[in-house]
Amino acid sequence: MKKFIGNSLALAGLIIITIVLLAAVLAPFIAPYDPNFIDIESILIAPSYNHIMGTDGLGRDVFSRMLYGAQISLLVGFVAVGISTGIGIILGSIAGFYRGWVDSFIMRIVDVVLSIPSFFLILAVIAFLTPSIWNIMIVIGLTSWMGVTRLVRAEFLSLRGREYVMASEAMGSSDIKIILLHLLPNSMTPIIVSSVLGIASAVLVESGLSFLGLGVQAPTASWGNILTDGKEYIQFAWWLSLFPGLAILLTVLGYNLLGEGLRDILDPKNK
Amino acid sequence: MITYLIKRILWMFPMLIGISLISFFIMHLAPGDVTSTEASFNPKASEESRQKLREIYNLDKPVIVQYGLWIKRISQLDFGNSFASHQRPVLWQSKDKNGNITKGLIQEALPITLLINLLGITVIFSISIILGTLSAVKQNSWVDKSITLFVFIGFAIPGFWLALLLMYWTGVSNQWLPISGLHSLNYQNLSLFGQFTDLMKHLFLPVFVSSLSGLAGISLYVRNGMLEILNQDFITTARAKGLNEKKIVFVHALKNAILPLITIIGLSIPGLIGGSVISESIFAIPGMGKLFYDSVLMRDFPVIMGILTIGSVLTLIGNLIADLGYAWADPRIRKGITK
Chain A
8 MKKFIGNSLA
18 LAGLIIITIV
28 LLAAVLAPFI
38 APYDPNFIDI
48 ESILIAPSYN
58 HIMGTDGLGR
68 DVFSRMLYGA
78 QISLLVGFVA
88 VGISTGIGII
98 LGSIAGFYRG
108 WVDSFIMRIV
118 DVVLSIPSFF
128 LILAVIAFLT
138 PSIWNIMIVI
148 GLTSWMGVTR
158 LVRAEFLSLR
168 GREYVMASEA
178 MGSSDIKIIL
188 LHLLPNSMTP
198 IIVSSVLGIA
208 SAVLVESGLS
218 FLGLGVQAPT
228 ASWGNILTDG
238 KEYIQFAWWL
248 SLFPGLAILL
258 TVLGYNLLGE
268 GLRDILDPKN
278 K
Chain B
7 MITYLIKRIL
17 WMFPMLIGIS
27 LISFFIMHLA
37 PGDVTSTEAS
47 FNPKASEESR
57 QKLREIYNLD
67 KPVIVQYGLW
77 IKRISQLDFG
87 NSFASHQRPV
97 LWQSKDKNGN
107 ITKGLIQEAL
117 PITLLINLLG
127 ITVIFSISII
137 LGTLSAVKQN
147 SWVDKSITLF
157 VFIGFAIPGF
167 WLALLLMYWT
177 GVSNQWLPIS
187 GLHSLNYQNL
197 SLFGQFTDLM
207 KHLFLPVFVS
217 SLSGLAGISL
227 YVRNGMLEIL
237 NQDFITTARA
247 KGLNEKKIVF
257 VHALKNAILP
267 LITIIGLSIP
277 GLIGGSVISE
287 SIFAIPGMGK
297 LFYDSVLMRD
307 FPVIMGILTI
317 GSVLTLIGNL
327 IADLGYAWAD
337 PRIRKGITK
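Going line by line, the protein sequences match chains A and B. The numbers in my numbering rise by one with no breaks, and the one at position 193 of the first sequence is 200. The numbers in my numbering rise by one with no breaks, and the one at position 329 of the second sequence is 335.
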């Protein structure tokens with residue numbers, strides 16, 4: 008029963024993510040208008056047949072901007088998590104495999120970085136660099152590797168004493184080979200789950216930054232900065248606030264559902 | 007217990023140095039400095055006067071020297087003066103020659119953020135225990151399912167969007183609640199009770215928005231903890247003894263489920279402080295988050311460094327309190343049976 012619920016959660020998440028993915032990939036083909044085309048004649052038009060999500064304060068078509076915004080949110084999620092998972096795997100492997108002072112050193116760095124309020128850290132770095140989508144992805148990645156590091160280290164510590172690892176060691180396999188061949192593949196489940204959940208939080212952080220004006224810069228459309236416009240016009244144009252917010256909510260929900268579902272499915276204890 | 011306490015407190019110092027190093031170097035590796043921002047406000051500023059500004063603030067010295075000077079001052083609790091807002095002291099008030107007191111930026115902002123976060127933690131703690139327990143006791147019922155749905159949505163909803171919608175709904179279209187700032191215009195003329203209600207009305211939305219995701223997470227945590235505990239032998243024993251089910255759940259099980267929450271709440275402090283940037287900027291609340299956001303836009307080094315440091319110190323203190331609270335609340339640790 009539990010397994011079934013897990014699967015249906017994962018399925019729901021997968022469907023949402025697939026829709027977002029399709030929207031992003033097909034944006035150039037299905038967007039009815041150029042997302043940056045300014046049309047002074049049609050400012051703040053409510054959702055209608057011609058503009059299914061209405062237009063914004065510059066007369067741009069919100070639906071087209073939403074589609075292109077999906078590209079940004081996907082890109083940020085995947086690249087940022089790629090960076091953080093990469094760093095986490097490397098540091099976590101070193102700490103968990105070699106133990107001793109290297110381990111203590113790495114884990115103390117993790118403690119230190121974890122105790123700096125992460126949004127402050129991100130904001131500070133972003134404000135000093137020029138805000139661009141690449142900088143945002145890098146900064147989010149560089150400030151969110153601590154969880155994966157702890158996770159990989161813990162997995163390695165528990166796997167290290169297993170017979171097959173010791174056997175491989177006794178046969179003279181190199182450290183790299185043991186890590187890549189035995190330890191990492193057996194730690195994949197928690198890494199995958201935490202990456203999927205990490206994408207969700209990266210999407211939230213990006214939209215928050217863009218909303219504050221420190222993220223993706225105009226005229227490039229991002230769900231966060233469409234909302235910033237929405238804030239200006241909230242009394243006259245509800246559609247400008249509603250759609251991007253819903254899109255963020257559903258996307259993050261999708262990744263969270265997928266992550267939790269995968270945790271249940273991949274956990275051998277549930278079989 | 008005492009040695010543990012001392013160890014724990016001593017450990018904070020190397021942590022602090024690590025924190026200051028990381029924040030200081032990140033800040034200085036980035037291109038651009040305060041002189042370029044100020045210059046952009048004043049296009050007439052010559053290269054010469056910019057150079058002078060750099061010298062006054064030691065910006066012309068190598069980064070490592072700047073760090074040394076900064077650490078030296080900070081060990082005397084001197085966080086310097088703001089670059090941007092009229093040279094106000096960053097941390098604590100100062101007196102000038104004429105005896106006029108200028109309040110410190112953090113001195114004014116910190117109590118507000120602390121108040122919001124303490125209220126937030128109280129809300130999170132009390133509501134999530136109720137929701138989590140309900141959910142666990144009625145596992146797989148519609149109550150459980152709707153609480154789980156709430157948890158997932160609470161996790162996924164962008165705080166700033168929720169803030170925006172609530173602001174519009176309760177403030178603009180219905181005018182139930184004030185939508186920005188801390189006090190009404192007539193605050194000074196209100197009675198003490200009136201002032202209190204006024205403040206609470208202003209804080210209601212910010213506290214709600216900033217605690218929602220924590221609320222969701224911790225409800226889920228309590229639920230899972232309760233489910234695990236309700237399956238343990240001592241609960242079965244209690245049931246076999248014929249103990250009242252309510253007593254089993256609310257006394258025996260809950261006590262064990264709440265214990266780890268102390269640690270979790272300690273760990274969530276940096277998230278809460280960081281989250282204050284968004285909620286305070288939206289609701290125009292002059293706390294640490296808004297101060298930080300404004301300083302970041304102005305590239306006001308001393309204020310940014312001050313807030314990063316104070317924010318991290320708060321986190322460390324929060325973790326310390328959580329650890330001690332845990333040690334105190336768990337009789338196994340308190341009596342020294344386990345570490």
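Glycine included, every Cβ here is placed at the ideal spot set by N, Cα and C.
Taking the alpha-carbon positions, what's the residue i to residue j distance?
| i | j | result |
| --- | --- | --- |
| V69(B) | I323(B) | 29 Å |
| S287(B) | V32(A) | 34 Å |
| G312(B) | I116(A) | 21 Å |
| V71(B) | S219(B) | 42 Å |
| L260(B) | S134(B) | 12 Å |
| T269(B) | L22(B) | 20 Å |
| M114(A) | G177(B) | 46 Å |
| A222(B) | A162(B) | 10 Å |
| Y73(B) | F30(B) | 7 Å |
| I15(B) | F112(A) | 19 Å |
| I241(B) | M173(A) | 40 Å |
| D63(A) | T315(B) | 41 Å |
| L6(A) | G205(A) | One cannot answer for residue 6(A) here, as it falls past the ends of chain A, which runs 8 to 278. |
| N230(B) | A328(B) | 21 Å |
Specify, as a first and last residue, the run of the alpha helix (DSSP H) that residue i falls within.
| i | result |
| --- | --- |
| I101(A) | 69-105 |
| S225(B) | 198-236 |
| P276(B) | 275-288 |
| G268(A) | 245-273 |
Residue i touches chain B at which residues, Cβ-Cβ below 7 Å?
| i | result |
| --- | --- |
| L211(A) | P164 |
| S229(A) | Per Cβ cutoff of 7 Å: no residues; S229(A) is ~12 Å from chain B at best. |
| S139(A) | Near S139(A) there are no residues of chain B at all, since even the closest Cβ is about 13 Å away, more than 7 Å. |
| D118(A) | M21 |
| I22(A) | Here the premise fails: no neighbours, minimum Cβ distance about 15 Å. |
Residue i touches chain A at which residues, Cβ-Cβ below 7 Å?
| i | result |
| --- | --- |
| L218(B) | The premise fails here: L218(B) is roughly 12 Å from chain A at the closest Cβ pair, so nothing lies under 7 Å. |
| I15(B) | Per Cβ cutoff of 7 Å: no residues; I15(B) is ~15 Å from chain A at best. |
List the residues of chain A whose Cβ lies closer than 9 Å to the Cβ of residue i, in chain order.
| i | result |
| --- | --- |
| I323(B) | Within chain A, no residue comes near I323(B); the closest Cβ sits about 10 Å away, beyond 9 Å. |
Apart from the five residues on each side of it in sequence, which residues of its chain come closer than 8 Å, Cβ to Cβ, to residue i?
| i | result |
| --- | --- |
| T321(B) | I275, P276, I279 |
| A290(B) | S186, G187, K296 |
| L226(B) | G138, T154, V157 |
Got a sec: is the Cβ-Cβ distance from residue i to anything in chain B below 9 Å?
| i | result |
| --- | --- |
| N263(A) | yes |
| L123(A) | It is worth fixing the name first, because residue 123(A) is Ile in this sequence and not Leu. Closer than 9 Å to some Cβ of chain B, the Cβ of I123(A) qualifies, so yes. |
| Q242(A) | yes |
| A174(A) | no |
| F85(A) | no |
| A134(A) | yes |
| F218(A) | yes |
| A30(A) | no |
| F127(A) | yes |
| L268(A) | In the sequence on display, residue 268(A) carries Gly and not Leu. Answer no: the Cβ-Cβ gap between G268(A) and chain B never drops below 9 Å. |
| P197(A) | no |
| K3(A) | The requested residue 3(A) is not part of the displayed model; chain A covers only 8 to 278. |
| A131(A) | yes |
Taking C-beta pairs closer than 9 Å, name the residues in chain B that residue i reaches, listed in chain order.
| i | result |
| --- | --- |
| G252(A) | I163, P164, F166, W167, L168, L170, L171 |
| D63(A) | Simply none; closest approach about 15 Å. |
| V259(A) | F161, A162, I163, P164 |
Using a beta-carbon distance below 9 Å, is residue i in contact with chain A?
| i | result |
| --- | --- |
| L314(B) | yes |
| M21(B) | yes |
| V215(B) | no |
| Y299(B) | yes |
| F158(B) | yes |
| L303(B) | yes |
| V96(B) | no |
| S46(B) | With a pLDDT of 49 at S46(B), under the threshold of 50, the modelled position of that residue is not reliable, and the figure given next carries that caveat. S46(B) does not count as touching chain A. |
| G126(B) | no |
| I279(B) | yes |
| S287(B) | yes |
Can you list the residues of chain A that residue i reaches, using a CB-CB cut of under 8 Å?
| i | result |
| --- | --- |
| I347(B) | Since the first residue shown for chain B is 7 and the last is 345, residue 347(B) is missing from the structure and cannot be characterised. |
Starting from the beta carbon of residue i, find every residue of chain B whose beta carbon is closer than 8 Å, and list them in chain order.
| i | result |
| --- | --- |
| G215(A) | P164, G165, F166, I284 |
| A53(A) | Going along chain B, no residue has its Cβ under 8 Å from A53(A), so there is no contact; the nearest lies around 16 Å. |
| S248(A) | W167, L170, L171, Y174 |
With a CB to CB cut of under 6 Å and the five nearest residues on each side skipped, what residues in its chain are close to residue i?
| i | result |
| --- | --- |
| M18(B) | L322 |
| L74(A) | A30, A34, A38 |
| V86(A) | M144 |
| V132(A) | V146 |
If you drop the 5 nearest sequence neighbours on each side, which residues of the same chain put their C-beta closer than 7 Å to that of residue i?
| i | result |
| --- | --- |
| L265(A) | A17, G20, L21, I24, V203 |
Does residue i get closer than 9 Å to chain C when you measure Cβ to Cβ?
| i | result |
| --- | --- |
| A207(A) | In the structure shown, chain C cannot be found, because the protein chains are A and B. |
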